[in-house]
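So the sequence lines, in the order shown, correspond to chains A and B.
Going by this note's numbering, the residue at position 2 of the first sequence is 2; the numbering climbs one at a time, nothing skipped.
Going by this note's numbering, the residue at position 213 of the second sequence is 387; the numbering climbs one at a time, nothing skipped.
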Amino acid sequence: MVVQGRAWKLGDNVDTDQLVPGRYLSLTDPQELASHCLEDMIPRFHELARQGDIVVAGENFGCGSSREHAATALKALGISCLLASSYARIFFRNCINLGLPALTSSEAISGIQDGDEVRIDVAAGAIENLTRAFRCSAPPLSSFLIELIEAGGLTAYVRDRLEARVPAPREKRE
Amino acid sequence: MGMTMTEKILARASEQAEVRPGEIVQVSADLVFGQDTTMPLAVIEFRRMGAERVFDPDRVAIVCDHFVPNATVLAAERTKSLREFAGEQGIAHYFEAGRGKNYGVEHALLPEEGMIWPGMVVVGADSHTTSYGALGAFASGFGSTDVAAAMALGEVWLRVPETMRFVYEGELGSWVGAKDLILYTIGQIGVTGALYRTMELVGSAIESLTVDQRLTMCNMGVEAGAKNAIVPVDPETERYLRAVGIREVSIYNSDPDARYHSVTEIEVSEIEPQVACPSSPDNVKPLSEVTGTRLDAAFIGSCTNGRIDDLRRAARVLEGKRVSRDLRLIVIPATQDVYLQALREGLLEVFAEAGAAVSTPTCGPCFGGHMGLLAAGERVIATTNRNFVGRMGHPESEVFLSSPVVAAASAVMGRITHPDEVVR
């Protein structure tokens, strides 16, 4: 999977409250969530972001609340890949579960400025900054996670598993 | 080679003799739950998975606590859909404000309801699920799709975490409690200090804490990035479990030769009350460095500090006092049981007479949802867990995190205040 787009560069510790503020958590429609993504940090982000764009962040990206709304909003905006020095664990899982690749590389962060055009070969972990001729690599995701992303995320993966499963008689618990 | 508590629980739940940090394991879940902002997404994904029935209706819980009592028409639609899902699936553990014997903020409610015990694997669609480690359970937060999968399959995949052991020794000073210990710890290690790891909290100072207070500490483990936080089972745990009707438990305490990522010793007698300043939970300062900071609001409540123990401490400070004319105070008991107990003990009267707005249980203000949000430029001192930019309202408002006694004293003075200044 190769993705390419404009880089949106964020700082360290961008929390999921920033990605989707608490006041919108009753929303479930991905497009409605997308329309509020990062709105207190980058006004009109949802209008500016284009299909394929890449979000680049520093340490502890997606910290705080477990709200999957944050990953859902990014995906609905068409964000194709995340790059960060590190991720908070729930947010990382949520991204992978939704089929949104999230690569880890501190080197990439220092070689990419806001607005740069970036191309990423997700499976290989190869990152190329087309604006300033910079290349580096990120540790590729484990084969299990790539499989999950390529299956379309955890929902599709579980659907396959449920379909394959022979219905077992329900056990009685004491 | 021995194992830590967390490793023992994950070994049991993955049906293995032992597990080691870094291994990916598939573990069975003993309790899967979500709340009114995360569960609607989980139900959507559950249906998209083609799942028809939850793996075990007795091991699934739904707690409507964030936008309750329904703050908006949309929130009302969400709770209605969850009520219907619970009915359809036969989920008896469905909680919503204004119905049933007990309800309220999930991480205060589920332990009170006797739904948490040592050795469990708890999968919660809420980051503060880490709270339940206070009762010796493995408990961690997940997103909605993970919870949907856990509802369908009864299991979840996990990487076995390294354990960081924190040893708290010594006697706590006056007006110093669990909140100060965990804020101090997060201030020391930072918001990524325990990323992906377990925080195991031990030592004589932890043994001296009630389960209510241990819940406060484990609750905030996630603010240091932890996968879970956990406290060994001891006589205080057993007392609490008996009181909520749990008699027989298996204990999974760490072996003496367990391997740790690190061991940190903390002498608690030297710690003064702590305050996390805007806008990160690790921007922690001793109270004496921030006293005098002007405030517009104070909030006592939440899954971090809305239990009876917290309200008793706050009432000690507020008894016979009035909230400053320059500030508004909101007090929210975390559950209906806490509310009733506080009512019987006269605590609600203390708060009301002081001028506080006392509300029925809700997460409302803590996550900037509803009930007492902040305008631009306003400052609040809150007993909650996060002080991110805009967390409790306008992006230009500011949140200071503290214990209930510091929030109470600050409410009386209208500025950040040491309780000694108010209670003489």
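Where is the CB? At the ideal position from N, CA and C, for every residue including glycine.
All values reported here derive from a predicted model rather than from experimental measurement.
Range of the contiguous alpha helix (DSSP H) that encloses residue i
{"i": "B/Ile404", "result": "Segment 402-404 is the beta strand (DSSP E) holding B/Ile404; no alpha helix (DSSP H) there."}
{"i": "B/Pro214", "result": "213-222"}
{"i": "B/Met179", "result": "179-187"}
{"i": "B/Gly347", "result": "Element bounds for B/Gly347: n/a, residue is neither H nor E."}
{"i": "A/Cys81", "result": "From DSSP, A/Cys81 is part of no alpha helix (DSSP H) but of the beta strand (DSSP E) over 81-84."}
{"i": "B/Pro285", "result": "280-286"}
{"i": "A/Phe45", "result": "45-48"}
{"i": "A/Tyr157", "result": "154-164"}
{"i": "B/Glu595", "result": "593-596"}
Cβ pair residue i, residue j closer than 8 Å
{"i": "B/Pro535", "j": "B/Ala249", "result": "no"}
{"i": "B/Arg433", "j": "B/Met179", "result": "no"}
{"i": "B/Ala530", "j": "B/Ile504", "result": "yes"}
{"i": "B/Thr411", "j": "B/Gly310", "result": "yes"}
{"i": "A/Val118", "j": "A/Leu82", "result": "no"}
{"i": "A/Asp17", "j": "A/Ser65", "result": "yes"}
{"i": "B/Lys353", "j": "B/Asn479", "result": "yes"}
{"i": "A/Glu47", "j": "A/Ser85", "result": "no"}
{"i": "B/Phe229", "j": "B/Met325", "result": "yes"}
{"i": "B/Tyr342", "j": "B/Leu355", "result": "yes"}
{"i": "A/Ala102", "j": "A/Gln31", "result": "no"}
{"i": "B/Leu205", "j": "B/Arg222", "result": "no"}
{"i": "B/Tyr426", "j": "B/Lys182", "result": "yes"}
{"i": "B/Phe259", "j": "B/Val217", "result": "yes"}
{"i": "B/Leu501", "j": "B/Ala585", "result": "yes"}
{"i": "B/Leu389", "j": "B/Arg481", "result": "yes"}
8 Å Cβ cutoff, residue i in contact with chain B
{"i": "A/Asp114", "result": "no"}
{"i": "A/Gly152", "result": "no"}
{"i": "A/Glu32", "result": "no"}
{"i": "A/Leu38", "result": "no"}
{"i": "A/Leu162", "result": "yes"}
{"i": "A/Gly22", "result": "yes"}
{"i": "A/Val2", "result": "no"}
{"i": "A/Arg44", "result": "no"}
{"i": "A/Leu83", "result": "no"}
{"i": "A/Val166", "result": "The pLDDT assigned to A/Val166 is 46, lower than 50, so where the model puts this residue is not dependable; a value taken from the coordinates is nonetheless given after this. No, its Cβ sits nowhere closer than 8 Å to a Cβ of chain B."}
{"i": "A/Leu145", "result": "no"}
{"i": "A/Asp15", "result": "yes"}
{"i": "A/Leu19", "result": "no"}
{"i": "A/Arg159", "result": "yes"}
8 Å Cβ cutoff, residue i in contact with chain A
{"i": "B/Val365", "result": "yes"}
{"i": "B/Phe241", "result": "yes"}
{"i": "B/Pro569", "result": "yes"}
{"i": "B/Lys401", "result": "yes"}
{"i": "B/Gly475", "result": "no"}
{"i": "B/Thr372", "result": "no"}
{"i": "B/Arg487", "result": "no"}
{"i": "B/Thr384", "result": "no"}
{"i": "B/Gly564", "result": "yes"}
{"i": "B/Arg499", "result": "no"}
{"i": "B/Arg421", "result": "no"}
{"i": "B/Ala185", "result": "no"}
{"i": "B/Arg468", "result": "no"}
{"i": "B/Gly224", "result": "yes"}
{"i": "B/Arg560", "result": "yes"}
Check: residue i C-beta below 7 Å from any heavy atom of the ligand GDP
{"i": "B/Ala185", "result": "In terms of ligand content, the structure shown is empty, and the ligand GDP therefore cannot be addressed."}
Opening and closing residue of the beta strand (DSSP E) in which residue i lies
{"i": "A/Phe134", "result": "134-137"}
{"i": "A/Leu103", "result": "102-104"}
{"i": "B/Ile380", "result": "Element bounds for B/Ile380: not the beta strand (DSSP E) but the alpha helix (DSSP H), 378-381."}
- Going along the stretch 49-77 of chain A in order, which residues come within less than 8 Å of chain B, judged by CB to CB distance? Glu59, Asn60, Cys63, Gly64, Ser65, Ser66, Arg67, Glu68, His69, Ala71, Thr72
- Item | Residues, ordered as in the chain, of the stretch 341-369 of chain B that lie near chain A by beta-carbon distance below 8 Å | Val365, Thr366, Leu369
- Please name the residues in the stretch 210-222 of chain B whose beta-carbon is closer than 7 Å to at least one beta-carbon of chain A, in chain order. Thr211, Thr212, Pro214, Leu215, Ile218, Glu219, Arg222
- If we count Cβ pairs, one from each stretch, closer than 8 Å, do we get three or more for the stretch 368-382 of chain B versus the stretch 464-476 of chain B? no
- Query: Using a beta-carbon distance cut-off of less than 8 Å, what residues from the stretch 311-327 of chain B approach chain A?
  - Reply: Gly315, Phe316, Gly317, Ser318, Thr319, Asp320, Ala322, Ala323, Ala326, Leu327
- Could you list the residues in the stretch 294-311 of chain B with a C-beta less than 9 Å from some C-beta on chain A, going in chain order? Gly298, Ala299, Asp300, Ser301, His302, Thr303
- Message: Along the stretch 568-589 of chain B, where does the CB come closer than 8 Å to a CB of chain A? Name the residues.
- Response: Pro569
- Assess, as a yes-or-no matter, whether the stretch 263-279 of chain B is touched by the stretch 232-251 of chain B under the definition of 3 or more beta carbon pairs within less than 8 Å. yes
- Message: Using 8 Å as the cut-off, can you tell me whether the stretch 94-112 of chain A makes contact with the stretch 142-161 of chain A, which would need three or more C-beta pairs spanning the two stretches below that distance?
- Response: yes
- Message: If the cut-off is 7 Å on Cβ atoms, which residues from the stretch 86-111 of chain A count as contacting chain B, listed in chain order?
- Response: Ser86, Ala88, Arg89, Ile90, Arg93, Asn94, Asn97, Leu98
- In the stretch 539-557 of chain B, which residues sit with their C-beta less than 7 Å from some C-beta in chain A, listed in chain order? Phe541, Gly542, Gly543
- Say whether the stretch 122-130 of chain A touches the stretch 185-199 of chain B, bearing in mind that this needs 3 or more beta-carbon pairs closer than 8 Å, one atom from each stretch. no
- Message: Within 8 Å, do at least three Cβ pairs link the stretch 302-318 of chain B to the stretch 279-292 of chain B?
- Response: yes
- Item | Residues of the stretch 243-274 of chain B with Cβ closer than 7 Å to any Cβ of chain A, in chain order | Thr246, Leu248, Ala249, Arg252
- Message: Count Cβ pairs between the stretch 394-405 of chain B and the stretch 110-117 of chain A that sit closer than 8 Å; are there 3 or more?
- Response: no
- Message: Using a Cβ-Cβ cutoff of 8 Å, what residues of the stretch 449-460 of chain B are near chain A? List them in chain order.
- Response: Ser454
- Task: Note down, in chain order, all residues in the stretch 195-207 of chain B with a beta-carbon under 8 Å from any beta-carbon belonging to chain A.
- Result: Ile198
- Message: Taking contact to mean 3 or more Cβ pairs, one atom from each stretch, closer than 8 Å, check whether the stretch 413-421 of chain B and the stretch 311-324 of chain B are in contact.
- Response: no
- What residues in the stretch 128-143 of chain A bring their beta carbon closer than 9 Å to a beta carbon of chain B? Ser142
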